[in-house]
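Q: The structure under discussion is supplied below as structure tokens; questions concerning it will follow.
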């Protein structure tokens, strides 16, 4: 007889690093083992890819309509080869990443878009995905725990000294940045920007959520650009919602990324496979009830 | 149904036989419950939102709220008339539970939904003695606990399961431990799904009083804290070779899954309807927060983002109401066919409503993260919704019911039965639920074909009304999608056992669900499902509802004229001001 699990908390299990290091996938062939291991052990994983590498492996033009399904209309309206290929490469990355978790063929999947443009896997709510891309980097996160948002930016992107600081920061954030040494300010702003994007994407809001109305504070001892962060209100009050975890990390190729992850599923070992989603006893009972 | 002149005659006292019709009775009962609960926004109301927030923070259930639930006669609303209760239909049950879901989802979930779930299993499958025993417990406000089976795609309530076997003494032996059973420690009766483990069968359903078993054979495990509905008293139980009398068995040994499938339709249809009350409060609280922001001279309606989120959420609540009304009525009117429609309702409504509420987070802004005061109500409702809808495991159960029928969509039956208009009309009384007929599992949704029929009726129905071309175009888009779904259904492959499914089943089931939701909206509109209403009679809300459903389906749609969302948003603001419920019935609220 197994012991009951009385009151599971939400603290990440000891020994698990959050966020796990994103693994590199050179193309549709992977390697995917690293992602699968992260998903199975912590319910969350990330992959990064090079747009140029994936672009070189795109399916031929005459196969794209069928492969893209309902995305074809969007694809065909994009102006220019470059935009189209970027779109196709990102859709391929999402499909392949999701297919690993679901154990399905990537092109048997269907992407759907929320009313604000957030991407989901239609019909499969056991996983949630989030995509971010900039220049040559494609970054895709996937979770079986609840919802996820990720964002990435080139580490050298200049935000400090621009109007963006006034538009995106809360008062306490602006004060903390003003207190930081000049050479650290841009890095801190970049962290805040990616965290806000990631959280807002996880909520399905993109840039709709007013960025100056919520803030992030890096955890004690992690005052730099990467590490764990806490969500706070516009006045700097911490938001005590332990279902959420926030962190920033570095991505190879000179990028920073942020992850916002919510655990609402509360299962010790979430099974995400499509092949086990339908309940065999229910299927059998319905089949038995049918006239021969 | 009385004709208007008969109503006038009755009102003048000319007809001594006159009885208020079903709609009037429903409105009057809702007014009575609202009145008994008082203004939810009043800080002094012991069953208001401030008190509920405080109880939620400390993880308690509201004692006064429970007493009020009983004094207002809510338990009887769940019990069929032939067992001494007042339940007059699954559609009405969903409605009358809304005032409680509006204020205290934890209480409504534990004292309303959970007993109903457990009791349905017994009332539709048990013998006369079991049915009466369960009815007596529910009627006197006793607690019922439900121990769910484990699913491969488990959740907190669907991890672990009990096992049971027959012993030589003719009694059952119950074993195993389960960490999360709602009402586990307070239940007078537990309805448990137990694994039979005999190799030939899978599950059985048992009903027993946990206080009547030998104390040495049962152990109370600690409380299980849920993320939302924090006042819910879920906890664990462990049984060690625990003897149970043979009459604990509900229905036939080993038939547990088929028996539960008879009960699912009423549960799947009632729950989304109840949850509309929860979402009503969330939308109302977002409107209150928005009105405290400075939107300039044009106010909330002048802000495109706020207008769209508020109007859109209301349209989504009306979609949820149309679909759950139709599904609930189908459990009575088409019991042999209702299983898929009800599963579709439980599958898609939490997704539609959940997405709408998240869109309101941007309207809330800083207030979205409030942890006290009336703004904190919004995120609490969101958290509660996430917990009580059971998330993915519930989707998986619903998809398991829907999937076997998808291939049949490929075949259009020229002799198919027409869709009865009574499916959409709340005013028409319903026959009682019939367990035998509910075991038909016919799966004919009656809504996919209805779209074509409705498209034919639209030109006449839209005479003299605005947006006729737009609405006609949207319905044409839905009909095209129905044809596409049939084509895709024809291409699905499976095995001879009927147990292995083409993975394209999953996305198809979602688009199919969205399409049935759209069809239910059209049906309710064409048939004036809740009687005359100056806002609902206009096609404005229907245009917005169908537009959002088509966007979710992934089909291109024409741009919406600004006034569609503006008028809908204004209607929400008016209903918040008056106040009236944000659903089809527009009942007066206490606050």
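Chains as they are written, first to last, in this note's numbering: chain R, 1 to 292; chain C, 1001 to 1591.
Ideal Cβ placement from N, Cα and C applies to all residues, glycine included.
Predicted model, so just to flag it, every value in this text is computed and none were measured.
Run through chain C and tell me which residues come within less than 8 Å of residue 188 of chain R, C-beta to C-beta.
A: Within the first chain, the letter at position 188 stands for residue 188 of chain R. Going along chain C, no residue has its Cβ under 8 Å from residue 188 of chain R, so there is no contact; the nearest lies around 21 Å.
Q: With a threshold of 8 Å between beta-carbons, can residue 73 of chain R be considered close to chain C, or not?
A: The count along the first chain starts at 1 and reaches residue 73 of chain R at position 73. Yes, residue 73 of chain R counts as interfacial toward chain C.
Q: Assuming the contact rule is C-beta atoms closer than 8 Å, residue 1276 of chain C and residue 1583 of chain C should be a hit. Round their C-beta distance to whole Å, please.
A: Walking along the second chain from the start, residue 1276 of chain C turns up at place 276. Walking along the second chain from the start, residue 1583 of chain C turns up at place 583. Rounded, the Cβ-Cβ distance is 5 Å, consistent with contact.
Q: Taking only the alpha-carbon atoms, compute the straight-line gap between residue 9 of chain R and residue 1201 of chain C and give it to the nearest angstrom.
A: Within the first chain, numbered from 1, the residue matching residue 9 of chain R stands at position 9. Within the second chain, numbered from 1, the residue matching residue 1201 of chain C stands at position 201. Below a pLDDT of 50, predicted positions are generally treated as unreliable, and residue 9 of chain R, at 37, falls in that range; no measurement from the model is reported.
Q: Can you give me the start and stop residues for the beta strand (DSSP E) that residue 1162 of chain C sits inside?
A: Working through the second chain from its first residue, we reach residue 1162 of chain C at position 162. Its beta strand (DSSP E) spans residues 1162-1166.
Q: For a quick check, are the C-beta atoms of residue 1505 of chain C and residue 1541 of chain C less than 8 Å apart?
A: Numbered from its first residue, the second chain carries residue 1505 of chain C at position 505. Numbered from its first residue, the second chain carries residue 1541 of chain C at position 541. No. Outside cutoff.
Q: Within its chain, find whatever has a CB closer than 8 Å to the CB of residue 206 of chain R; leave out the 5 residues flanking it on each side and keep chain order.
A: Here residue 206 of chain R refers to the residue found at position 206 when the first chain is read from its first residue. Excluding positions up to five away in sequence, the list reads 116, 117, 118, 200.
Q: Identify the continuous alpha helix (DSSP H) that holds residue 1136 of chain C and give its terminal residues.
A: As a position in the second chain, residue 1136 of chain C is number 136, starting the count at 1. Unbroken alpha helix (DSSP H) run through residue 1136 of chain C: 1128-1139.
Q: Determine the closest residue to residue 1284 of chain C out of C:1372, C:1082, C:1378, C:1248, with distance taken between C-alpha atoms.
A: The count along the second chain starts at 1 and reaches residue 1284 of chain C at position 284. Looking at the Cα atoms, C:1378 is the closest of the given residues.
Q: If I'm right that residue 260 of chain R touches residue 126 of chain R with Cβ under 8 Å, what's the distance once you round it to whole angstroms?
A: Along the first chain, read from residue 1 onward, the residue named residue 260 of chain R stands at position 260. Along the first chain, read from residue 1 onward, the residue named residue 126 of chain R stands at position 126. About 19 Å separates the two Cβ atoms, so there is no contact after all.
Q: Exposed or buried, what is residue 1081 of chain C when buried is set at 16 or more other beta-carbons lying within 10 Å of its beta-carbon?
A: Reading the second chain from its first residue, position 81 is the one you call residue 1081 of chain C. When all chains shown are included, residue 1081 of chain C counts as exposed.
Q: Check the DSSP bridge columns for residue 246 of chain R and list the partner residues they point to.
A: Looking up residue 246 of chain R in the first chain gives position 246. R:229, R:260, per the DSSP bridge assignment.
Q: Roughly how many whole angstroms lie between the Cα atoms of residue 1421 of chain C and residue 1459 of chain C?
A: Here residue 1421 of chain C corresponds to residue number 421 of the second chain, with the count starting at 1. Here residue 1459 of chain C corresponds to residue number 459 of the second chain, with the count starting at 1. Cα-Cα distance, rounded: 18 Å.
Q: Closest to residue 166 of chain R by CA distance: which of R:184, R:211, R:131 is it?
A: The residue you call residue 166 of chain R lines up with position 166 of the first chain. Considering only alpha carbons, the answer is R:211.
Q: Using a Cβ-Cβ cut-off of 8 Å, state whether residue 166 of chain R counts as contacting chain C.
A: Locating residue 166 of chain R in the first chain gives position 166, where the first residue counts as 1. Closer than 8 Å: no.
Q: Specify whether the segment 1168-1182 of chain C and the segment 1243-1261 of chain C touch according to this definition: at least 3 beta carbon pairs, one from each stretch, less than 8 Å apart.
A: Short answer: they touch.
Q: Please name the residue in C:1527, C:1359, C:1552 whose C-alpha comes closest to that of residue 1419 of chain C.
A: Within the second chain, numbered from 1, the residue matching residue 1419 of chain C stands at position 419. Of the candidates C:1527, C:1359, C:1552, the one whose C-alpha sits nearest the C-alpha of residue 1419 of chain C is C:1527.
Q: Three-state secondary structure (DSSP) at residue 1178 of chain C?
A: Looking up residue 1178 of chain C in the second chain gives position 178. If DSSP states are grouped into helix, strand and coil, residue 1178 of chain C belongs with the strands.
Q: What is the C-beta distance between residue 1438 of chain C and residue 1262 of chain C, in whole angstroms, given that I count them as a contact (C-beta under 8 Å)?
A: Counting from 1 along the second chain, the entry for residue 1438 of chain C is found at position 438. Counting from 1 along the second chain, the entry for residue 1262 of chain C is found at position 262. Confirmed, Cβ separation roughly 4 Å.
Q: If you draw a straight line from the C-alpha of residue 1534 of chain C to the C-alpha of residue 1338 of chain C, how long is it?
A: Position 534 of the second chain holds residue 1534 of chain C. Position 338 of the second chain holds residue 1338 of chain C. Approximately 31 Å between the Cα atoms of the pair.
Q: Scan the segment 1390-1408 of chain C for residues whose Cβ lies nearer than 7 Å to a Cβ of chain R and list them as they occur along the chain.
A: Listed by position, the residues of the segment 1390-1408 of chain C near chain R (Cβ gap below 7 Å) are 1391, 1392, 1395, 1396, 1397, 1399, 1400, 1401, 1403, 1404.
Q: Under DSSP, the beta strand (DSSP E) around residue 121 of chain R begins and ends at which residues?
A: For the purposes of this step, residue 121 of chain R is identified with residue 121 of the first chain, where counting begins at 1. Element bounds for residue 121 of chain R: 119-121.
Q: By the 7 Å beta-carbon criterion, what residues does the segment 1241-1274 of chain C contribute toward chain R?
A: The segment 1241-1274 of chain C vs chain R, Cβ under 7 Å: 1257, 1258, 1261.
Q: Just grab the DSSP bridge partners of residue 1580 of chain C for me.
A: Stepping through the second chain from its first residue, residue 1580 of chain C is reached at position 580. Residue 1580 of chain C pairs with C:1588.
Q: For a contact defined as C-beta to C-beta under 7 Å, what are the partners of residue 1556 of chain C on chain R?
A: Mapped onto the second chain, residue 1556 of chain C falls at position 556. Residues of chain R passing the Cβ test: 73.
Q: Using the DSSP secondary-structure output, state which residues sit across from residue 1543 of chain C in a beta bridge.
A: As a first step, residue 1543 of chain C must be located in the second chain, where it is residue number 543. Bridge partners of residue 1543 of chain C: none, in fact.
Q: Locate the beta strand (DSSP E) running through residue 1365 of chain C, then write down its first and last residues.
A: Taking the first residue of the second chain as 1, we reach residue 1365 of chain C at position 365. Looking at the DSSP string, residue 1365 of chain C is not in any beta strand (DSSP E), and its letter there is neither H nor E.
Q: Using the three-state DSSP reduction, which class does residue 107 of chain R fall into: helix, strand or coil?
A: Taking the first chain and counting its residues from 1, one reaches residue 107 of chain R at position 107. In the structure shown, residue 107 of chain R sits in a helix (DSSP, three-state: H, G or I).
Q: Which partner residues of residue 1242 of chain C appear in the DSSP bridge assignment?
A: Taking the second chain and counting its residues from 1, the one referred to as residue 1242 of chain C is at position 242. DSSP lists C:1174 as partners of residue 1242 of chain C.
Q: According to the neighbour-count rule (16 or more other Cβ atoms, all chains shown, within 10 Å of its Cβ), is residue 1112 of chain C buried or exposed?
A: Sequence index remark: in the second chain, residue 1112 of chain C carries index 112 (1-based). It counts as buried.
Q: Using a Cβ-Cβ cut-off of 8 Å, state whether residue 1203 of chain C counts as contacting chain R.
A: Reading the second chain from its first residue, position 203 is the one you call residue 1203 of chain C. For residue 1203 of chain C, the answer is yes, since a Cβ of chain R falls inside 8 Å of its Cβ.
Q: State buried or exposed for residue 1028 of chain C, treating a residue as buried only when at least 16 other CB atoms are found within 10 Å of its CB.
A: In the second chain, the residue the question calls residue 1028 of chain C occupies position 28. Exposed is the call here.
Q: For residue 1358 of chain C, return the contacting residues in chain R, with the cut-off set at a CB-CB distance below 8 Å.
A: Numbered from 1 along the second chain, position 358 holds the residue referred to as residue 1358 of chain C. By Cβ distance, chain R contributes 203, 204, 205.
Q: List, in order along the chain, the chain C residues whose C-beta lies closer than 7 Å to that of residue 213 of chain R?
A: The count along the first chain starts at 1 and reaches residue 213 of chain R at position 213. Under the 7 Å cutoff, chain C gives 1365, 1366.
Q: At least one CB of chain R closer than 8 Å to the CB of residue 1286 of chain C: is that the case?
A: On the second chain, residue 1286 of chain C is found 286 positions in, with the first residue counted as 1. Taking Cβ atoms only, chain R never reaches closer than 8 Å to residue 1286 of chain C, which makes this a no.
Q: Pull up the CB-CB distance for residue 195 of chain R and residue 258 of chain R, whole angstroms please, since I reckon it's below 8 Å.
A: As a first step, residue 195 of chain R must be located in the first chain, where it is residue number 195. As a first step, residue 258 of chain R must be located in the first chain, where it is residue number 258. Between residue 258 of chain R and residue 195 of chain R the Cβ distance is about 4 Å, and since that is below 8 Å, they are a contact.
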